[in-house]
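These notes concern the structure reproduced below.
There are 2 protein chains.
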Amino acid sequence: MANFHGLNSITLNPDDELPPLASGKIRLYNMRFCPYAERAVLYFAKKNVSVEVINVNLVDKPKWYLERNPLGKVPTIEHDGKIIYESAVVAEYLDDIFPDSSVLPKDPYLRAHQKILVERLSAISGAFYGLLRATADNQEAGIANLKKALDTAESLLTDNFYGGKSSGYADMLVWPHLERVEVLPLIRPDLHLDKLLGTDYPKLTAYIARMKELPEVKVAIRPAEHHVQFFDSYKTGKPDYNIGITAA
Amino acid sequence: MANFHGLNSITLNPDDELPPLASGKIRLYNMRFCPYAERAVLYFAKKNVSVEVINVNLVDKPKWYLERNPLGKVPTIEHDGKIIYESAVVAEYLDDIFPDSSVLPKDPYLRAHQKILVERLSAISGAFYGLLRATADNQEAGIANLKKALDTAESLLTDNFYGGKSSGYADMLVWPHLERVEVLPLIRPDLHLDKLLGTDYPKLTAYIARMKELPEVKVAIRPAEHHVQFFDSYKTGKPDYNIGITAA
Numbered sequence: 001m002a003n004f005h006g007l008n009s010i011t012l013n014p015d016d017e018l019p020p021l022a023s024g025k026i027r028l029y030n031m032r033f034c035p036y037a038e039r040a041v042l043y044f045a046k047k048n049v050s051v052e053v054i055n056v057n058l059v060d061k062p063k064w065y066l067e068r069n070p071l072g073k074v075p076t077i078e079h080d081g082k083i084i085y086e087s088a089v090v091a092e093y094l095d096d097i098f099p100d101s102s103v104l105p106k107d108p109y110l111r112a113h114q115k116i117l118v119e120r121l122s123a124i125s126g127a128f129y130g131l132l133r134a135t136a137d138n139q140e141a142g143i144a145n146l147k148k149a150l151d152t153a154e155s156l157l158t159d160n161f162y163g164g165k166s167s168g169y170a171d172m173l174v175w176p177h178l179e180r181v182e183v184l185p186l187i188r189p190d191l192h193l194d195k196l197l198g199t200d201y202p203k204l205t206a207y208i209a210r211m212k213e214l215p216e217v218k219v220a221i222r223p224a225e226h227h228v229q230f231f232d233s234y235k236t237g238k239p240d241y242n243i244g245i246t247a248a
Numbered sequence: 001m002a003n004f005h006g007l008n009s010i011t012l013n014p015d016d017e018l019p020p021l022a023s024g025k026i027r028l029y030n031m032r033f034c035p036y037a038e039r040a041v042l043y044f045a046k047k048n049v050s051v052e053v054i055n056v057n058l059v060d061k062p063k064w065y066l067e068r069n070p071l072g073k074v075p076t077i078e079h080d081g082k083i084i085y086e087s088a089v090v091a092e093y094l095d096d097i098f099p100d101s102s103v104l105p106k107d108p109y110l111r112a113h114q115k116i117l118v119e120r121l122s123a124i125s126g127a128f129y130g131l132l133r134a135t136a137d138n139q140e141a142g143i144a145n146l147k148k149a150l151d152t153a154e155s156l157l158t159d160n161f162y163g164g165k166s167s168g169y170a171d172m173l174v175w176p177h178l179e180r181v182e183v184l185p186l187i188r189p190d191l192h193l194d195k196l197l198g199t200d201y202p203k204l205t206a207y208i209a210r211m212k213e214l215p216e217v218k219v220a221i222r223p224a225e226h227h228v229q230f231f232d233s234y235k236t237g238k239p240d241y242n243i244g245i246t247a248a
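Written out as structure tokens, the structure reads:
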């Protein structure tokens, strides 16, 4: 997408110098496999806002990154000396400064409703991370947890999208975790999750297919095999942040 | 305060009937000792918005409550058939429908900054709940955790309030947990936390004194001995939600 510059640029390490940011430009500090940062990528894509992406090593954090975000997490955006982080705060900030492309509805109740949906769907991320690390002792509880989260997601889907007829705020915020849930059977083949999504969640399955057709999702999504390779490297304590980057 | 009706009304149980809500009125479903519900109380008080309060038993949850909020948590507000929950969502909704008394600033960056402060100060609530339940095994780690959270809070306080010269959104959202941290030495005398706040955190100590002078805090705050009695009852699995209510 023409509005992204550097979405797949090489990840910067502590020894790398931070390129200067031109006045008026917006920069996104990103990690290519972080679902929270992906929320910001989806938002920039959906709003078609021009952005320069800096990919950051989150295990060995550059000093210049911690100076900008003391929590050391992604996403962070920088804009005329202003620093904004936390994925939901970044999304609202982008809507506030570019109101013409606001993803959040203007109506107070509909706005609140989108945020409540995100809260109710957040059980998916908890369940995903639980299963990612599940041991023989707790994998049964983890699978039950995921089923419960997906049951909720299935029941809350009453239209094409969580945003209604078109995709909205809740869709942008929940998608990155659903993308990873879909890949979980490949990341953890030992858990035998293959059929989990397909048969029990017809609405959610159709929703995932629908989401994959959205231009913003096409920008942000990573191939399943890259997710698998990333998590394999992550487990070793040395995540490979540059998986899938092809030499220029 | 004249705008509150029923802030200290008797807590309703599953067998109690829910009184009808008049059209145009706003109702807050509350639990008198819940810090998240207290955020909403502070917000209604600060904005001087008229509200009817229903106190709800959160151990034995009334069916009518779960129908309104499937998560069964407080605060929830009800307003002309609309249901809004999650404390931060409730606060923004109240600002959206009563913009003249908006607590959140209009400027996008200042808005974002208030929300980032809440995120950074949220370590206080985690540390508080950790110490509330601390055992001999983990109390040292719990105390270190609280100190770290308070160090951050001390360093982030660069003016009279987190909102700046006057109290703001971040103050309303962080206060309920600070109120409880101050009472922690009485709830858990075995942890010897008495001098924790007084000596190491001069800015925070002055801030707490300043907060207690605000009209909205005077409405929402509970006496230390009521917090202690509540937590003593909570530990038994039978929380006494009606501590401090005097017969009409």
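Protein chains in written order, with UniProt numbering: chain X, 1 to 248; chain L, 1 to 248.
Beta carbons are placed, not taken as given, at the ideal position from N, Cα and C, and that holds for glycine.
### Query
Mind checking if L28 (chain X) is an interface residue toward chain L, Cβ cutoff 9 angstroms exclusive?
no
### Query
At which residues does the beta strand (DSSP E) containing T76 (chain X) begin and terminate?
T76 to H79
### Task
Find out if the Cβ-Cβ distance for the pair N55 (chain L), S87 (chain L) is shorter than 9 angstroms.
no
### Query
In three-state DSSP terms, what is N30 (chain L)?
strand
### Task
Jot down the residue ranges of each uninterrupted alpha helix (DSSP H) in the UniProt domain "GST C-terminal" (107 to 231) of chain X, minimum 4 residues, whole runs only, in chain order.
108 to 121, 123 to 132, 139 to 156, 169 to 187, 196 to 200, 202 to 211 and 215 to 220
### Query
Can you find a heavy atom of the ligand ADP that lies under 8 angstroms from the Cβ of E52 (chain X)?
As presented, the structure is devoid of all ligands, the ligand ADP included, so that no description of it is given.
### Message
Quick check: the region 100 to 117 of chain X against the region 156 to 172 of chain X, are at least 3 beta-carbon pairs closer than 8 angstroms?
### Response
yes
### Query
Looking at the structure shown, is L21 (chain X) part of a helix, part of a strand, or coil, going by DSSP?
coil
### Query
E52 (chain X) bridges to which residues according to DSSP?
X:H5 and X:R27
### Query
Counting only beta-carbon atoms, is S96 (chain L) nearer than 9 angstroms to chain X?
Per the sequence presented here, residue 96 (chain L) reads as Asp, with Ser not at that position. Yes, its Cβ sits closer than 9 angstroms to a Cβ of chain X.
### Message
Quick check: is the beta carbon of A112 (chain L) nearer than 9 angstroms to any beta carbon in chain X?
### Response
yes
### Query
Should the region 80 to 96 of chain L be regarded as contacting the region 136 to 143 of chain L, the criterion being three or more beta carbon pairs within less than 8 angstroms?
no
### Task
Mind checking who L82 (chain X) pairs with in its DSSP beta bridge?
According to the sequence shown, residue 82 (chain X) is Lys rather than Leu. According to DSSP, K82 (chain X) bridges with X:H79.
### Query
Mind checking whether A91 (chain L) and Y29 (chain L) have CB atoms under 9 angstroms apart?
no
### Status (buried if at least 16 other CB within 10 Å, exposed otherwise) for V174 (chain X)
buried
### Message
Taking the alpha carbon of L157 (chain X) as the reference point, which residue from X:L204, X:E38, X:L7 and X:M211 has its own alpha carbon closest?
### Response
X:L204
#### Entry: For L12 (chain L), three-class secondary structure by DSSP
strand
### Proximal residues to G198 (chain X) (C-beta, below 7 angstroms), its chain only, five neighbours per side dropped
T205
### Query
Which residues in chain X sit within 8 angstroms of V89 (chain L), going by Cβ to Cβ distance?
A112, K115, I116 and E119
#### Entry: C-beta contact flag for F230 (chain L) and L132 (chain L) at 9 angstroms
no
### Endpoints, the alpha helix (DSSP H) within which Y36 (chain L) is located
P35 to K47
### Query
In this structure, does DSSP put I245 (chain X) in helix, strand or coil?
coil
### Task
Could you check the C-alpha separation between D96 (chain L) and P108 (chain X) for me, to the nearest Å?
6 angstroms
### Query
Helix, strand or coil: which one does DSSP assign to D100 (chain X)?
helix
### Task
With a threshold of 16 other CB atoms inside 10 Å of the CB of A209 (chain L), please say whether the residue is buried or exposed.
exposed
### Message
Quick test of your reading: G24 (chain L) and E52 (chain L), contact by CB under 8 angstroms. State the CB separation rounded to the nearest angstrom.
### Response
About 11 angstroms separates the two Cβ atoms, so there is no contact after all.
### Message
Going by DSSP, what residue range makes up the alpha helix (DSSP H) through L66 (chain L)?
### Response
K63 to R68
### Task
Check M94 (chain X) in the structure and name its three-state DSSP category.
Per the sequence presented here, residue 94 (chain X) reads as Leu, with Met not at that position. Helix at L94 (chain X).
### Query
If you drop the 5 nearest sequence neighbours on each side, which residues of the same chain put their C-beta closer than 7 angstroms to that of P239 (chain X)?
V59, F230 and S233
### Message
Using only CA atoms, which one of X:L191, X:T236 and X:Y93 lies nearest to G130 (chain X)?
### Response
X:L191
### Query
Are there 16 or more other CB atoms within 10 angstroms of the CB of E38 (chain X), so buried, or fewer, so exposed?
buried
### Task
Taking Y65 (chain L) as the reference, give the member of L:S50, L:Y85 and L:K46 with the closest Cα.
L:Y85
### Query
Can you give the Cα-Cα distance for P185 (chain X) and H177 (chain L), rounded to whole angstroms?
40 angstroms
### Query
Do N3 (chain X) and A45 (chain X) come within 9 angstroms of each other at the CB atom, strictly closer than that value?
yes
### chain X contact residues for Y85 (chain L), given Cβ-Cβ distances below 7 angstroms
I116
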